[in-house]
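Following: one structure in structure tokens, then a few remarks.
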Amino acid sequence: MASSSSPFALKEVLGELDRGSYVTLLAKIIGEARHVQNNPPDLIPKEDRVARHVLDSLLPLSTSTGGGPLVVSHIAYADGRGNVIVEYPGSDPARIISFVGCHMDVVTADPTDWEFDPFSLSVDGDKLRGRGTTDCLGHVALVTQLMRRLGETKPKLKNTVVAVFIANEENSSVLGVGVDALVKDGLLDKLKAGPLFWIDTADKQPCIGTGGMIAWRLRATGKLFHSGLPHKAINSLELAMEAFKEIQLRFYRDFPPHPKEEVYRFATPSTMKPTQWSYPGGGINQIPAECTISGDVRLTPFYSVTDVVKKLEEYVDDINTNIEKLGTRGPVSKYVLPDENLRGRLTITCDEDVTSGVACNLDSRGFHVLCKATEEAVGHVKPYSITGSLPLIRELQDEGFDVQTSGYGIMATYHARNEYCLFSDMCQGFQVFVSIISQLEEDSN
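Numbering (my numbering), first residue to last: 353 to 797.
This is how it looks when you write it as structure tokens:
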């Protein structure tokens, strides 16, 4: 094994990210993007198509082939949908560093909306273009390169370094396939002994907070009638608009900006807003009997998603009980027709697969080494928080993992058309990983 008694020596041994090797591997992985789009039931990814390229790169340096020190495992809970765990063993079984969250599925892409083929890698100078380059196949290739360099150079480390490549991150309606199953089976338990770096964000800075998400649907039921006789109708559209306004007012009263949001530099506080509107259809001269407003709540991690769901239900129950007091629109707008014994009615439903937000531990060694590594590699460090949601990591935190998050794609292209990353950013990400390992090796001395 190569000697690496100092952090400087380790950085010399591991070197920098090799452009030729990285781009070659990334081209193979992006070439599978069409087959790993995750949008069930229409599109079920086959993450093993990506895993195959990870395994082809690392198995020649593994104990299973006798070619090197890497311990490589492929764990599948569904046909063609495997996870890959790679370990570079250290000398101290109590010391461990893990890089987790690099997922091998992607969101959908419509080639007709793109300026280039989303399902093959194209290179434009520093730009590496294609679906998954930022989220998250670019990171899959990056962490694979890190583990390959460890396997090739064999530095003497006290820390075991683990990489976990996962299936099924982009959809939470199907469970028991990815990291949730690995945790349930105890396959990641030993990662609790050290910091876990979730590599699936963007812009090269530590992401120290994410939001919870609750998808909701508010249905208003009234009475259909001719628009020339509005006094005989209960206008479901007006009922929905007024009711939702009241619900929003109560939400912002009960879940105001939290003092910790400033500490974590959240871009926004918790929000509740509509994003979709639907009704069964009808003529322009018909007042519709029902309509549905849909939207989401984005919740900072200092509030409970369970409490919010309970409150939303309470708001709607109270409005239904006191619907006569709800604001109206014009002299004949109403939500009760006493002569017909009719009352407008609201129902609210929330999706079961709600996501809780995460506030990373700012006192942990993992956070401190990530910040120092970022400052060394990028030139500055500015942790940030957003109310975008990262599924799965709150569950890891609740299980006792010290989760820190970062990523080296570009936020502006996240889930977007014409997605790309920069090779120079991935180079800095590689330097961050090496610095993290180096700093934690110092702790072991």
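Each residue gets a CB set at the ideal place from its N, CA and C atoms; glycine is no exception.
If you're wondering where the values come from, they're calculated on a predicted model, not measured in any experiment.
Could you give the DSSP three-state label for Gly647: helix, strand or coil?
Shown here, Gly647 sits in a strand according to DSSP, grouped into three states.
Worksheet entry | Coil, strand or helix - Gly781 by DSSP | helix
Over what stretch of residues does the alpha helix (DSSP H) that includes Ala379 continue unbroken? 371–382
Open item on the list: Contact defined as beta carbons within less than 8 Å: I believe Leu494 pairs with Ile382. What is the distance between those atoms, to the nearest angstrom?
Closed with: At roughly 13 Å, the Cβ-Cβ gap does not stay under 8 Å, so Leu494 and Ile382 are not in contact.
Hey, quick one: how far does the alpha helix (DSSP H) through Phe596 stretch, first residue to last? 588–606
Do the CB positions of Arg697 and Ser646 come within less than 7 Å of each other? no
Self-check item: Boundaries (first-last residue) of the alpha helix (DSSP H) holding Leu748
Solution: 745–750
| task | Taking Gly740 and Gly563 to be in contact with their CB atoms under 8 Å, please state how far apart those CB atoms are, rounded to whole angstroms. | result | 6 Å
Among Gln780, Lys597, Ile586, Thr627, whose alpha-carbon lies nearest the alpha-carbon of Asn302?
Given that the chain is displayed from residue 353 to residue 797, the structure contains no residue 302 and the question cannot be resolved.
Item to complete: Report buried or exposed for Lys734, applying the criterion of at least 16 other Cβ atoms within 10 angstroms of its Cβ.
Response: exposed
Within the same chain, show all residues whose beta-carbon is closer than 7 Å to that of Asn672, passing over the 5 residues directly before and after it, in chain order.
Arg697, Leu698
For the alpha helix (DSSP H) that contains Pro632, what are its first and last residues? No alpha helix (DSSP H) holds Pro632; DSSP gives it neither H nor E.
(request) Let me know if His455 comes out buried or exposed under the rule of 16 or more other beta-carbons within 10 Å of its beta-carbon. (result) Residue burial is scored here from C-beta neighbours: His455 has at least 16 other C-beta atoms within 10 angstroms and is therefore classed as buried.
Tell me which same chain residues have a C-beta within less than 6 Å of the C-beta of Gly634, skipping the five on either side of it? Pro640
Report the partner residues of Val799 according to the DSSP bridge assignment. Any answer about residue 799 is impossible in this case: the structure gives the chain only from 353 up to 797.
| task | Please determine, among Leu689, Val436, Thr496, the residue with the shortest C-alpha to C-alpha distance to Ala519. | result | Val436
Q | Residue range of the unbroken alpha helix (DSSP H) whose run includes Lys479 | A | No alpha helix (DSSP H) holds Lys479; the beta strand (DSSP E) holding it covers 479–481.
Practice problem: Tell me whether the beta-carbon of Arg769 lies closer than 7 Å to the beta-carbon of Tyr667. | Solution: No, the Cβ-Cβ distance between Arg769 and Tyr667 is not below 7 Å.
(Q) What would DSSP say about Cys712, mapped onto helix, strand or coil? (A) coil
Going by DSSP, what residue range makes up the beta strand (DSSP E) through Tyr772?
Looking at the DSSP string, the run of the beta strand (DSSP E) that includes Tyr772 is 772–774.
> In terms of DSSP beta bridges, what is Thr701 paired with?
Replying inline: Arg569
How would you call Arg371, buried or exposed, if buried means at least 16 neighbouring beta carbons within 10 angstroms? exposed
- Which value, in whole angstroms, describes the spacing of the CA atoms of Ser357 and Thr707? With a pLDDT of 49 at Ser357, under the threshold of 50, the modelled position of this residue cannot be trusted; read the value that follows with caution. Approximately 43 Å between the Cα atoms of the pair.
*Under the DSSP definition of a beta bridge, which residues are partnered with Ser737?*
Answer is Gly561, Phe618.
Query raised in the report: For Ala461, which of helix, strand or coil comes out of DSSP?
Result: coil
If you draw a straight line from the C-alpha of Val531 to the C-alpha of Glu521, how long is it?
8 Å
Worksheet item: If you compare alpha carbons, which of Lys677, Glu368, His767, Lys612 is closest to Asn391?
Response: His767
Let's test the definition: count the other Cβ atoms within 10 Å of the Cβ of Ala385 and tell me whether it reaches 16, buried, or not, exposed. buried
#### Entry: Residue from Leu369, Leu362, Phe596, Met565 whose Cα sits closest to the Cα of Phe775
Out of Leu369, Leu362, Phe596, Met565, Leu369 has the C-alpha closest to the C-alpha of Phe775.
Quick check: Leu509 and Gly419, are their CB atoms within less than 7 Å of each other? no
Just grab the DSSP bridge partners of Met624 for me. Val649, per the DSSP bridge assignment.
Beta-carbon within less than 7 Å of Asp394's beta-carbon, same chain only, minus the 5 sequence neighbours each way: which residues are those? none
* Cβ shell of Phe800 (< 6 Å), same chain only, five flanking positions each side left out -> Any property of residue 800 remains undetermined from this structure, which presents the chain solely from 353 to 797.
*Over what stretch of residues does the beta strand (DSSP E) that includes Cys454 continue unbroken?*
It spans 448–455 - the beta strand (DSSP E) in which Cys454 sits, taken as one unbroken run.
key: From Thr485, Phe785, Arg401, residue whose alpha carbon lies closest to that of Gly718   = Phe785
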